[in-house]
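First the structure, in the form of structure tokens, and then the observations on it.
2 protein chains.
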Amino acid sequence: MARPALIEDDELLSKLSQTFRETGYEAASVAALASAAGLQKASLYHRFPGGKEQMARDVLTAAEIWLTENVIAALKADGTPRQRLAGMADALNVFYSGGKLSCLLNVLSTDFGKVGPFTEQLRGLMQSLISAIAATLEDAGLESDEAQAKAEQRVSELQGSLIVSRVLETTAPFEQCLNRMKEVPCG
Amino acid sequence: MARPALIEDDELLSKLSQTFRETGYEAASVAALASAAGLQKASLYHRFPGGKEQMARDVLTAAEIWLTENVIAALKADGTPRQRLAGMADALNVFYSGGKLSCLLNVLSTDFGKVGPFTEQLRGLMQSLISAIAATLEDAGLESDEAQAKAEQRVSELQGSLIVSRVLETTAPFEQCLNRMKEVPCG
DNA sequence: GTCTATAGTAAGATAGAC
DNA sequence: GTCTATCTTACTATAGAC
Chain A
1 MARPALIEDD
11 ELLSKLSQTF
21 RETGYEAASV
31 AALASAAGLQ
41 KASLYHRFPG
51 GKEQMARDVL
61 TAAEIWLTEN
71 VIAALKADGT
81 PRQRLAGMAD
91 ALNVFYSGGK
101 LSCLLNVLST
111 DFGKVGPFTE
121 QLRGLMQSLI
131 SAIAATLEDA
141 GLESDEAQAK
151 AEQRVSELQG
161 SLIVSRVLET
171 TAPFEQCLNR
181 MKEVPCG
Chain B
1 MARPALIEDD
11 ELLSKLSQTF
21 RETGYEAASV
31 AALASAAGLQ
41 KASLYHRFPG
51 GKEQMARDVL
61 TAAEIWLTEN
71 VIAALKADGT
81 PRQRLAGMAD
91 ALNVFYSGGK
101 LSCLLNVLST
111 DFGKVGPFTE
121 QLRGLMQSLI
131 SAIAATLEDA
141 GLESDEAQAK
151 AEQRVSELQG
161 SLIVSRVLET
171 TAPFEQCLNR
181 MKEVPCG
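Protein chains in written order, with the UniProt record's numbering: chain A, 1 to 187; chain B, 1 to 187.
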């Protein structure tokens, strides 16, 4: 194993992720990404030969892993559906820093035309999240179609609450959305 | 009154709006905007001396007027709350082209850091929409706090459903969201 | 692995003819 | 009001020293 880098991969990806989520993909210049990481541009290109697109892809992959190991894992854990939904909400609160960070699903899907380089990965991630929520709602007694629809609705609301929170400059909409997500829908 | 331009202002703004909503603010180059409008870059700058920022601002103002005269007007029209919500949903369906166009509220708030040049206008527009929905829900019998919360929730869901529709490449989430918005919430 | 320095390119914006 | 041509700047990306 080689000597460790001056800045660890995990921390580097975290800094890059924050910049992408704060400013969007196109608006995030490599200079800004380098500055956020505390490196020079050439150092970033050394670690990401694929350039900015690879930086975003690696950030997205890291987010996918984190969401799988935390948000989706919470939904698949032991416990009542109510408890599992609460676990999911807590993990989402961490992921979005209490509503202060945008979602990569939004950011990376916005700055391109019909089809961007991340479309497939984004779709897979979103479907995984929806499926995991739907499965939990089924365990709570909902029928399959109903559970799927409610899961889609909740993911929509989650994404949208981040937009509303950003525009209105208050995290209240995001927090209220998380609270609603903890409850099993009445129908 | 001077001789009319070769391309009318309304149509021009419509083309620019579509480009911004399809690709985002930063990703929409002036060259692409000009191409969409069927003009050269210099012609665009003649009409918008403030450059790309003014183009986006004028597009946003036009959207604000359209939403006020259609979506919000539907909410303030005569009829039962249920009828007014249905009128709003129909207008929103037109505005978003059945879920195929992103929202300027998302696009213009994403590509900047904490504060962008459109923050104030975006916030005002979103608050107007939330207030108009809340007032209709109050007319339907909800208490003030409850109506406000439900209105925020619905706007969140609307924004989010556009993201989910874009990522999953199906307009179903948007359409289902509109259908839910037509109903008066049970509580 | 990180740096300074620099290509090469595309962006936003302007000048001036018609 | 629209155009062609151009300016200036900022961007992505690379080369090569340490």
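By construction, the Cβ of each residue, glycine as well, lies at the ideal position given by its N, Cα and C atoms.
Could you check which residue in the options has the C-alpha nearest to that of residue i?
| i | options | result |
| --- | --- | --- |
| A132 of chain B | B:M55, B:S17, B:Y45, B:P81 | B:P81 |
| G98 of chain B | B:A73, B:L158, B:E143 | B:L158 |
| D111 of chain A | A:E8, A:L122, A:K15, A:Y25 | A:Y25 |
| D10 of chain B | B:A42, B:Y45, B:I65 | B:I65 |
| G87 of chain A | A:A74, A:A32, A:E146, A:C177 | A:A74 |
| A37 of chain B | B:S144, B:T19, B:K52, B:E53 | B:T19 |
| S102 of chain B | A:A56, A:C177, A:R47, A:I163 | A:I163 |
| Q148 of chain A | B:L129, B:A149, B:Q176 | B:Q176 |
| V30 of chain A | A:Q40, A:R21, A:V155 | A:Q40 |
| K100 of chain A | B:D90, B:G113, B:L108 | B:G113 |
| R154 of chain B | B:C186, B:H46, B:A56, B:I130 | B:I130 |
| L12 of chain B | B:A135, B:F118, B:Y45 | B:Y45 |
| M181 of chain B | B:P117, B:L122, B:L137 | B:L137 |
| V94 of chain B | B:L67, B:Q54, B:L142, B:M126 | B:L67 |
| G116 of chain B | B:L33, B:L16, B:L85, B:R57 | B:R57 |
| L122 of chain B | A:K76, A:A151, A:S165 | A:S165 |
| K76 of chain A | A:L142, A:T23, A:M55, A:A135 | A:A135 |
Less than 8 Å between CB atoms is the rule here; does residue i satisfy it with respect to chain A?
| i | result |
| --- | --- |
| L101 of chain B | no |
| M55 of chain B | no |
| E157 of chain B | yes |
| Q148 of chain B | no |
| L142 of chain B | no |
| A2 of chain B | In this prediction, A2 of chain B has a pLDDT of 48, which is less than 50 and means its spatial position is unreliable; what the coordinates show is noted afterwards. No, because no Cβ of chain A sits closer than 8 Å to the Cβ of A2 of chain B. |
| F20 of chain B | no |
| E64 of chain B | no |
| G51 of chain B | no |
Does any C-beta atom of chain B lie closer than 8 Å to the C-beta of residue i?
| i | result |
| --- | --- |
| F112 of chain A | yes |
| P173 of chain A | yes |
| E12 of chain A | A small fix is needed here, since residue 12 of chain A is Leu in this sequence, not Glu. Not closer than 8 Å to any Cβ of chain B, the Cβ of L12 of chain A fails to qualify, so no. |
| L105 of chain A | yes |
| L8 of chain A | Sequence check: residue 8 of chain A is Glu here, not Leu. Cβ-Cβ to chain B under 8 Å: no for E8 of chain A. |
Quick one: list the residues of chain A neighbouring residue i, beta-carbon separation under 8 Å, in chain order.
| i | result |
| --- | --- |
| S109 of chain B | I163, R166, V167 |
| E120 of chain B | What E120 of chain B touches in chain A: nothing, since even the nearest Cβ is about 10 Å away. |
Should residue i be counted as a contact of the ligand FAD given a C-beta to heavy atom distance under 7 Å?
| i | result |
| --- | --- |
| I72 of chain A | This structure does not include the ligand FAD; it has no bound ligands of any sort. |
Under 8 Å Cβ-Cβ, which residues of chain B neighbour residue i?
| i | result |
| --- | --- |
| M126 of chain A | V164, V167, L168 |
| Q176 of chain A | A149, E152, Q153 |
Along chain A, which residues have their Cβ under 9 Å away from the Cβ of residue i?
| i | result |
| --- | --- |
| T23 of chain B | E26, T110, D111, F112, G113 |
Can you list the residues of chain B that residue i reaches, using a CB-CB cut of under 9 Å?
| i | result |
| --- | --- |
| N179 of chain A | Near N179 of chain A there are no residues of chain B at all, since even the closest Cβ is about 10 Å away, more than 9 Å. |
| E183 of chain A | Within chain B, no residue comes near E183 of chain A; the closest Cβ sits about 13 Å away, beyond 9 Å. |
| R123 of chain A | V167, L168, E169 |
What's the call for residue i, buried or exposed, on a 16-neighbour Cβ count within 10 Å?
| i | result |
| --- | --- |
| P173 of chain B | buried |
| V167 of chain B | buried |
| N106 of chain B | buried |
| T61 of chain A | exposed |
| L59 of chain B | According to the sequence as given, residue 59 of chain B is Val; it is not Leu. Buried. |
| V71 of chain B | buried |
| A2 of chain B | Note that A2 of chain B has pLDDT 48, beneath the 50 cutoff, so the model's placement of it is unreliable and the number below is only indicative. Answer is exposed; the Cβ neighbour count stays below 16. |
| E8 of chain A | exposed |
| S144 of chain A | exposed |
| G124 of chain A | exposed |
Problem - Proximal residues, the stretch 26-37 of chain B versus chain A, C-beta separation under 7 Å - result: E26, A27
Handout entry: Proximal residues, the stretch 77-99 of chain A versus chain B, C-beta separation under 7 Å
Key = none
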